[in-house]
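2 protein chains.
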Amino acid sequence: MTYCVGVLLDNGIVFASDSRTHAGVDNFARFCKMTVFERPGDRVIVMLSSGNLAGTQAVVSRLRQRNERTDVPNLWGAQSMFDAVYLVSDAMREVDQRDGRYLAQSDIGFNASFIIGGQIGAEAPRLFRIYAEGNFIEAAEETPYLQTGETKYGKPVIDWAITPDTPLNEAAKCVLVSFDSTMRSNLSVGMPIDLLCYAKDSLAVRMCRRLDEGDPYFNALSQQWSEGTRAVFAQLPNPSWPAR
Amino acid sequence: MTYCVGVLLDNGIVFASDSRTHAGVDNFARFCKMTVFERPGDRVIVMLSSGNLAGTQAVVSRLRQRNERTDVPNLWGAQSMFDAVYLVSDAMREVDQRDGRYLAQSDIGFNASFIIGGQIGAEAPRLFRIYAEGNFIEAAEETPYLQTGETKYGKPVIDWAITPDTPLNEAAKCVLVSFDSTMRSNLSVGMPIDLLCYAKDSLAVRMCRRLDEGDPYFNALSQQWSEGTRAVFAQLPNPSWPAR
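Residue numbers (the numbering used here), protein chains in the order written: chain A, 8 to 251; chain B, 8 to 251.
Next comes the structure, spelled out in structure tokens:
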């Protein structure tokens, strides 16, 4: 499993991904699932990978190779985030075309999906989720965040606390609590967490860090959040009970 | 789907169940999933039903019919909660024996499970979850709560806020927030919520209520919880970012 989140806010986008890949509880490893394409002053594109690692790595490698060429469409030349997403979708379908039938022989589907977001030039920041089939959806005001992988444990805290006008730092804390909730309940989601806050119109990555096992900030956040929720419950009115 | 929770605390047990049953989004209905067997001063046994409605109703009806007889083992005569759980498990297997092969013809399994808890006489309160096969587990200090149905959305808030020494009223509020989280994300879990707090050694049901759509207390709780969590996030330390 995996857990990736992207949150589109008025002031930018928060991205986070875990790093656990596994094929059974006795076969797990760490791989970074966040890929950043940055040309300061021009564009920032962030991809979060979910699903079959061979598939997602092949897609990213194809995109990187194309970025080094000038004779093919690539992410450095994309005129909009929509065009960038098309390029990723095309790369996914190319990998599927190459590998799909061999995977099918072992009853495995091409199973790679991405959250992708960022900003190109003067266009407003945008955030998308691309499905394994290569089709995709875009985050909107009513649903400003997109998740992949083990999405359920970490969803309510985002619903409670994040709206489009939430500041980037506040949303980042909420996303980390969302990860904490998920990792407590699903062993196949694990640290380190890669966290990136993209500030609208910065066209550069200035807030990016990795939080590994035992990270003092993450542990403090987790503990203070737990204590904070208990304090909130203590302040909420008690239920009344009808006479019996 | 369904959502049921039982939480075993030092001072008693909190039970809650939703009321939605469905066979597709165009075919849903309301049924109470909480069954209470109470003889004040002697015993309180609470059952929360999940799964195939025909199956869970048949089990409860069998138990009720047996309770009216004196020549068969029944819940009024059970010497302990463990014995009571055996009686429920036996009733489940009897229903499966009668219906199972007919359901199997339509590729349907006997699929009924229960959370059951309470107190009989001087024995301490106990809480169990019975699986569809009739085997069961008992809540313990490390994991004082049991859930059935759509369990993921509502789990983190219980993990954060409830420990065995949490007072009944505090735990009840937390369980309601757990239901709110679940109902926001899964349409097949719906109001009314039946909520029962059993106080240890009371051997009577004194705190029990139903919360239906638009319940002012539930709405206030939900809103104040959401505001409370935002205030907690505002107080948590912001992440620091390494220089780039």
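Backbone N, C-alpha and C fix where the C-beta goes; we use that ideal spot for every residue, glycine too.
- Neighbours of R237(B) across chain A, judged by C-beta separation under 7 Å: A168.
- Assignment of T150(A) by DSSP, reduced to helix, strand and coil, places it in the strand class.
- The residue from F38(B), P163(B), S195(B) and V53(B) with its alpha-carbon nearest to that of C181(B) is P163(B).
- Interface annotation, M214(A): in contact with chain B, CB-CB separation under 8 Å.
- Leaving aside the five residues that flank L15(A) on each side, the residues in its chain whose CB is nearer than 6 Å to its CB run, in chain order, L134, A146 and P151.
- With a cutoff of 8 Å on beta-carbon distance, V95(A) and M41(A) are scored as not near each other.
- Q231(B) reaches chain A at V239, Q242, L243 and P244, counting residues in chain order whose Cβ is nearer than 9 Å.
- The DSSP assignment places 152-156, 200-206 and 214-218 as complete runs of the beta strand (DSSP E) inside the stretch 149-225 of chain A, in order along the chain (cut-off: 3 residues).
- Residues of chain A whose Cβ lies closer than 9 Å to the Cβ of C39(B) do not exist; the shortest such Cβ separation is about 16 Å.
- In this structure F35(A) is exposed. Its beta-carbon is surrounded by fewer than 16 other beta-carbon atoms within 10 angstroms.
- Of the residues Q104(A), S192(A) and V212(A), the one whose Cα lies closest to the Cα of M8(A) is S192(A).
- Taking the C-beta atoms as reference points, R237(A) is found nearer than 8 Å to A168(B).
- The beta carbon of Y224(A) sits closer than 8 Å to some beta carbon of chain B.
- Taking the beta carbon of A227(B) as reference, the chain A residues within 9 Å of it are L243 and P244, listed in sequence order.
- Counting along the chain, E140(B) sits inside no alpha helix (DSSP H), nor does DSSP assign it H or E at all.
- Boundaries for G62(B): no beta strand (DSSP E) harbours it, while the alpha helix (DSSP H) harbouring it runs L60 to N74, taken from the DSSP string.
- Contact holds between the stretch 201-211 of chain B and the stretch 43-51 of chain B, because three or more Cβ pairs, one in each stretch, are under 8 Å apart.
- Distances from the alpha-carbon of R251(A) to those of L203(B), A179(B) and T158(B) put L203(B) closest.
- Taking a C-beta distance under 8 Å as the contact criterion, R136(B) and I115(B) do not qualify as a contact pair.
- For S96(B), the uninterrupted alpha helix (DSSP H) run begins and ends at M88 to Q112, by DSSP.
- In this structure, V21(B) sits near A178(B), with a CB-CB distance shorter than 8 Å.
- At a cut-off of 8 Å, the C-beta of K207(A) has no neighbouring C-beta in chain B.
- Partner residues in the beta bridge of Q126(B), as assigned by DSSP, are V51(B).
- Residue pairing for V43(A): DSSP places it in a beta bridge opposite V53(A).
- With a beta-carbon spacing of about 5 Å, S57(A) and G156(A) fall inside the 8 Å limit used to define contacts.
- For R191(A), the closest Cβ of chain B is nearer than 8 Å.
- For P163(A), at least one C-beta of chain B is nearer than 8 Å to its own C-beta.
- Taking the C-beta atoms as reference points, N142(A) is found no nearer than 8 Å to G62(A).
- At a Cβ-Cβ threshold of 8 Å, L228(B) and L243(A) count as neighbours.
- Interface flag for R136(B) against chain A is unset, since no Cβ pair is found closer than 8 Å.
- Note: A23(A) is bridge-paired with V12(A) and L202(A) in the DSSP secondary-structure output.
- Rounded to whole angstroms, the Cβ separation of P199(A) and S26(A) is 5 Å, and the two are in contact under 8 Å.
- Counting only the Cα atoms, D172(A) lies some 22 Å from M88(A).
- In chain order, R216 make up the part of chain A whose C-beta sits under 7 Å from the C-beta of P249(B).
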